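Residue numbers (the numbering used here): 3 to 161.
The next block holds one structure in the form of structure tokens; read it before the comments.
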Amino acid sequence: QGSISTVGRILGDLKRQAREAKAWSDREDAALASELSQLLTPEQIKNWEEYNANFEERMFEGSFDSQLNSFARGLSPEAHDLALRSTVDHFVAETDAFENSDQPYTLAAQLDLQRRAMNPAREQLRADLTPEEYNLVDNWLRLGETQLDAVQDSANNDQ
């Protein structure tokens, strides 16, 4: 019973720390917005806000576009764009859901988030691509899963 209460206390502490980190991030964002309002025109502020709002999506796009170009070379341009859009959309949705939850930011949580994003992207693309193109994308996603497994195994061995 003591170990269960210890685990509960640790999880509660992690959730509290996650909330504190989110509050700190929100305060920093507000401070930056205040500083920018002193330096930029309203049009420049609007451009900054649009840029900042889509930052995460652009990061996923750049990373996945490069990976698809390297590991799924036989895709038609249309299939490439579809695979890129589907994967980015699912990763953004999972990331947003995670960031709006009370779940603590841990390596295991991040690995699970990525696995959860890959599965619906895979299912959507299975229906939307030719079998040959789907196999290329599926192999790319499986490579990603293999990398996630390796990170998890390494983390488990370090404990």
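We put the beta carbon where it would ideally sit given N, CA and C, even for glycine.
Remember, it's a predicted structure, so these values are computed and weren't measured experimentally.
C-beta contact flag for residue i and residue j at 8 Å
i, j, result
"L127", "S88", "yes"
"L131", "L84", "yes"
"L113", "F100", "no"
"E51", "T97", "no"
"A74", "L138", "yes"
Span separating the alpha-carbon of residue i from that of residue j
i, j, result
"Q19", "S103", "13 Å"
"A35", "L145", "40 Å"
"V153", "A95", "23 Å"
"D23", "N56", "Sequence inspection shows Ala at residue 23; the Asp mentioned does not correspond to that position. Whole-angstrom Cα-Cα distance: 21 Å."
"L41", "A25", "25 Å"
"P79", "D91", "18 Å"
Among the options, the one whose alpha carbon lies nearest that of residue i
i, options, result
"S72", "Q154, D160, A157, N141", "N141"
"E147", "R124, P133, Y136", "R124"
"A119", "F93, T108, Q105", "F93"
"A32", "T43, N54, E45", "N54"
- Message: List, from N- to C-terminal side, the alpha helix (DSSP H) runs of 4 residues or more that fit wholly inside the stretch 45-76.
- Response: Scanning the stretch 45-76 for uninterrupted alpha helix (DSSP H) segments of 4 residues or longer gives 57-73, listed from N- to C-terminal end.
- Message: Suppose only complete runs of 4+ residues qualify. What are the alpha helix (DSSP H) ranges in the stretch 125-161, listed by chain order?
- Response: 133-160
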